[in-house]
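For the sequence shown, my numbering gives the first residue as 8, with consecutive numbering after it.
We put the CB at the ideal spot given by N, CA and C, even for glycine.
Remember, predicted model here, so these are calculated numbers, not experimental data.
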Amino acid sequence: MAMMENTAIVLIVITLFFLVIIVGLLTVLIFKLTKGSTNLVNSSQPNSGEAPHPDVSKTEFHPGIIERMKEMERFKPKRSELFCPNHPDEPGEVTCGICDMLFCKACIKPFKSLHFCKEHIPLIMRHEWEEVMTVKTSTQNPEEGVELFEAKKRLFVDKKIPTYIETHYKINVDQDYIETYLVVLAIRENVDSVKKYLIESHP
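What follows is the structure, encoded as structure tokens:
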């Protein structure tokens, strides 16, 4: 009987010994895994506490490509330009056809196929508007359309002369495709000056 008790005690001691070893190994393993993940998080964060410059990871590119990337960063819209100027907490959803600024739905009104902000919708309603220039454009050759929109924006910013652009479509039955035309409209009194400006900037 005493021998059986001694054998049981030995087995219990051996079992406890192996349990201690297993717990120790698990503890070491968990510690190493935790330390490794901490190092991974720390290595992904900048040491200086500041966000890295957008070009830090781009040093392996050609200098010409890096310069182009920097230029794109300069022209990236600011956060304020993406939100309604009247309601800074509301994201801008629709662009005004006159000033080209983004406004929330509460600050912009539809007119024909375009939208205008509350400041410029009265301008549309109270004046006679006439066509100034028509430019044919296409998805294969969109440069002319882009240049026309840029000239229209500069005219408003530099000269404070309002214009807007309508998109007209015409079906070409013979060649079976849709032609796209951009039509610039200006207030009747400004037609001559707008036409002159657009011709000079959009030969």
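Query, Result
"DSSP three-state label for Val201, please.", "helix"
"Using a Cβ-Cβ cutoff of less than 6 angstroms, which residues in the same chain neighbour Asp107 once the five nearest sequence positions on both sides are dropped?", "Lys160"
"Hey, out of Lys116, Thr141, Val198, whose CA is closest to Met132's CA?", "Lys116"
"Can you find the residues in the same chain that come closer than 6 angstroms, C-beta to C-beta, to His122, ignoring five residues on each side of it along the sequence?", "Val101, Ile115"
"Per DSSP, Lys143 is paired with what?", "Tyr188"
"Note the first and the last residue of the continuous beta strand (DSSP E) segment covering Glu173.", "170-179"
"Rounded C-beta distance between Leu109 and Glu88? I'm assuming under 8 angstroms.", "7 angstroms"
"Could you name the residues of the same chain whose beta carbon sits closer than 6 angstroms to that of Asn179, not counting the 5 residues immediately before and after it, in chain order?", "Glu186"
"Using 7 angstroms as the cut-off, classify the Cβ of Gly104 as near or not near the heavy atoms of the ligand COA, replying yes or no.", "Within the structure as shown, the ligand COA is missing, as the structure has no ligands at all."
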